[in-house]
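Residue numbers (this note's numbering), protein chains in the order written: chain G, 56 to 287; chain A, 37 to 204.
Don't be surprised by glycine CBs; every beta carbon is placed ideally from N, CA and C.
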Amino acid sequence: MTTTEQVSLASDRPPYLFPPYRSTVLRAPKRPLILLPHRLSRLAGPVFGDGQIGPLDHDLTRQHAGEPLGERIIVTGRLLDSEGRPVRNALIEVWQTNAAGRYAHARDQHPAPLDPNFTGAGRCLTDGEGRYRFVTIKPGAYPWKNHPNAWRPAHIHFSVFGTAFIHRLVTQMYFPGDPLLAHDPILQSIPSPAARTRLVSTFDLTVTQPEWALGYRWDIVLRGPSASPMED
Amino acid sequence: MSLPATPSQTIGPFFHIGLDVPGTERLVSPEHPGAVRIEGRVFDGAGDPINDALIEVWDPQGARFGRCATDAEGRYHFLTLKPVSRPAGGTPAEAPHLHVSVFARGLLDHLVTRIYFPDEEAANASDPVLTMIADPRARATLVARSEAGSLRFDIHLQGEHETVFFAL
């Protein structure tokens, strides 16, 4: 095992090199990562996108003339630092496939229909208690060419800014009970089963809106405590 | 209380839908005095350009943030200012640098590196992070090269010219 992996491979973090996910083979660094002194890695991080959020940016079902096809869902949760403190006013960006498992992206050419009423991108800022909320449709599973008969489980991509440079997080949220989770090398790259579970949302009847949308809850915990503006 | 962190997953090849917003590669306007163009290409271990990477740069002193997706030839560019060097209490001052995050399909977690500036030889020679890197060739991967009217900073995820990356 290389030093690179020793640095990065706490059992709840994916390694850079994970051959079952084929694209890692030529993209994982082979030299050891240099561990930055604590003082330098705890820098206050970028605050991005504040003031650029439109009133409908959190609602992926209302960005076109008509409504998208699929199962309408609400996805909500809290953004917390490692001390359990809410991270307020933080930008969360999401992107996903439509209900048929197709991305509105030129490079996704697999034979599933596009939905003219669904782009699949959203953004919001967390509120005073660190809460975010998106309204969308449930994304579909889709085939990919990683290995024969490979399918990605349904997921929503999340990009998250916190208050420290170390907080920056790009990840994927999955859905409970999806039989594809056990077969997905991207999720399975995380060594610890408990850590993998942290990427799976929970169905929550209290989040549903009767006669209208199902509800899923997913909290996001960033690495390390919040940076105080005084520290930098 | 210490909560376990939410693990990272790859940004995948389709992030443009949500993250590729035109203009975010400009940290300052082209008319800004001292505006400098930093450009480069991103390569994999076979030496092939990576056309689905997202590069983010962060200048904490100037509170400037930028984002650029690579094009079909693996190219990215930013328009920014050279950050001011910051005297750190009781330790040697860091040379001017930008913090860089690299996201791509095939990167299960993002990579972190730094862009240093070629006209800061003295400051670079005593920078507390650059001096942690013993191999001068590896150290040189963190310093942009001067080209006509711009700075060049290529990023090699793997291979003979592999860029130095940092663990946080």
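request  = Show which residues of chain G have a CB atom less than 8 Å away from the CB atom of Phe189/A.
outcome  = The residue given as residue 189/A occupies position 153 in the second sequence. Those do not exist, as Phe189/A stays about 16 Å from chain G at its closest Cβ, beyond 8 Å.
Straight-line gap, Glu196/A to Ala174/A (C-alpha atoms, nearest Å) = Mapped onto the second sequence, residue 196/A falls at position 160. Mapped onto the second sequence, residue 174/A falls at position 138. Cα to Cα, the separation comes out at about 10 Å.
task = Reducing DSSP to helix, strand and coil, say where Ile192/G ends up.
result = Start at 1 with the first residue of the first sequence, and residue 192/G comes out as number 137. Residue state, collapsed to three classes: strand.
ask   = Gln164/G versus chain A: which residues are under 9 Å apart at the beta carbon?
value = For the purposes of this step, residue 164/G is identified with residue 109 of the first sequence, where counting begins at 1. The contacting residues do not exist; Gln164/G stays about 12 Å from chain A at best.
ask   = Is the region 113-120 of chain A in contact with the region 267-280 of chain G, if contact means three or more CB pairs nearer than 8 Å?
value = no
message = Using DSSP's beta-bridge definition, name the partner residues of Phe213/G.
response = By one-based count along the first sequence, residue 213/G stands at place 158. Answer is Val149/G, Thr226/G, bridged to Phe213/G.
task = Give a yes or no on whether the C-beta atoms belonging to Pro84/G and Leu147/A are separated by under 8 Å.
result = If you number the first sequence from 1, residue 84/G lands on position 29. If you number the second sequence from 1, residue 147/A lands on position 111. Yes.
ask   = How close, in whole Å, do the beta carbons of Phe101/A and Phe220/G come, if the pair is a contact with beta carbons under 8 Å?
value = The sequence position of residue 101/A within the second sequence is 65, counting from 1. The sequence position of residue 220/G within the first sequence is 165, counting from 1. With a Cβ gap of about 11 Å, Phe101/A and Phe220/G do not count as contacting.
ask   = Does the beta-carbon distance from Phe216/G to Leu135/G come in below 8 Å?
value = One-based indexing of the first sequence puts residue 216/G at position 161. One-based indexing of the first sequence puts residue 135/G at position 80. In this structure, Leu135/G does not lie closer than 8 Å to Phe216/G by Cβ.
task = Please classify Glu157/A: does DSSP put it in a helix, a strand, or coil?
result = The residue labelled residue 157/A in the question sits at position 121 within the second sequence. Three-state DSSP puts Glu157/A in a helix.
key: C-beta atoms of Thr42/A and Leu224/G nearer than 8 Å   = Translated into positions along the second sequence, residue 42/A becomes position 6. Translated into positions along the first sequence, residue 224/G becomes position 169. Result yes, Cβ atoms of Thr42/A and Leu224/G sit closer than 8 Å.
message = Using a Cβ-based criterion (distance less than 7 Å to any ligand heavy atom), does Glu122/G qualify as near the ligand PLP?
response = Because no ligand of any kind appears in the structure shown, any question about the ligand PLP cannot be addressed here.
Minimum Cβ-Cβ distance from His238/G to chain A less than 8 Å = Within the first sequence, the letter at position 183 stands for residue 238/G. Not closer than 8 Å to any Cβ of chain A, the Cβ of His238/G fails to qualify, so no.
ask   = Assuming Asp197/G contacts Gly156/G under a Cβ cut-off of 8 Å, what Cβ separation, rounded to an integer in Å, is found between them?
value = If you number the first sequence from 1, residue 197/G lands on position 142. If you number the first sequence from 1, residue 156/G lands on position 101. Checking the sequence, you will find Tyr at residue 197/G rather than Asp. Contact flag correct, Cβ pair sits at about 4 Å.
inquiry  = For Thr252/G and Glu156/A, what's the separation of their Cα atoms in angstroms?
reply    = Here residue 252/G refers to the residue found at position 197 of the first sequence. Here residue 156/A refers to the residue found at position 120 of the second sequence. Cα-Cα distance, rounded: 47 Å.
query = Which residue's Cα is closest to the Cα of Arg139/G: Ile108/G, His160/G, Gly125/G, Arg186/G?
reply = Indexing the first sequence from 1 puts residue 139/G at position 84. Reading off the sequence shown, one finds Gly at residue 139/G, where the question assumed Arg. Comparing Cα-Cα distances from Gly139/G to each of Ile108/G, His160/G, Gly125/G, Arg186/G, the minimum goes to Arg186/G.
task = Just the chain A side, please: which residues come within less than 8 Å of Trp150/G by C-beta, in chain order?
result = In the first sequence, residue 150/G corresponds to position 95, counting from 1. Going along chain A in sequence order, the residues near Trp150/G (Cβ under 8 Å) are Phe50, Phe51, Ile53, Gly54, Leu55.
inquiry  = With a threshold of 8 Å between beta carbons, is Glu18/G in contact with chain A?
reply    = Because chain G spans 56 through 287 in this model, residue 18/G falls outside it and cannot be assessed.
query = If we call anything under 8 Å between Cβ atoms a contact, is Ala161/G one with Gly175/G?
reply = For the purposes of this step, residue 161/G is taken as residue 106 along the first sequence, with counting starting at 1. For the purposes of this step, residue 175/G is taken as residue 120 along the first sequence, with counting starting at 1. Their beta carbons are not under 8 Å apart, which means Ala161/G does not touch Gly175/G by this criterion.
query = Hey, how far is the Cα of Ala170/A from the Cα of Ile89/G?
reply = Here the question's residue 170/A lines up with position 134 in the second sequence. Here the question's residue 89/G lines up with position 34 in the first sequence. Cα to Cα, Ala170/A sits roughly 11 Å from Ile89/G.
request  = Could you say which of Glu183/A, Leu193/A, Val165/A lies nearest to Leu95/G if we only look at CA atoms?
outcome  = The sequence position of residue 95/G within the first sequence is 40, counting from 1. Ranking the options by Cα distance to Leu95/G, first place goes to Val165/A.
ask   = So with Cβ pairs under 8 Å, would you call Pro203/G a contact of chain A?
value = Counting from 1 along the first sequence, the entry for residue 203/G is found at position 148. Not one chain A Cβ lies under 8 Å of Pro203/G.
key: Residues near Thr79/G in its chain [Cβ-Cβ closer than 7 Å; skip 5 each side]   = Within the first sequence, numbered from 1, the residue matching residue 79/G stands at position 24. Tyr71, Leu72, Phe73.
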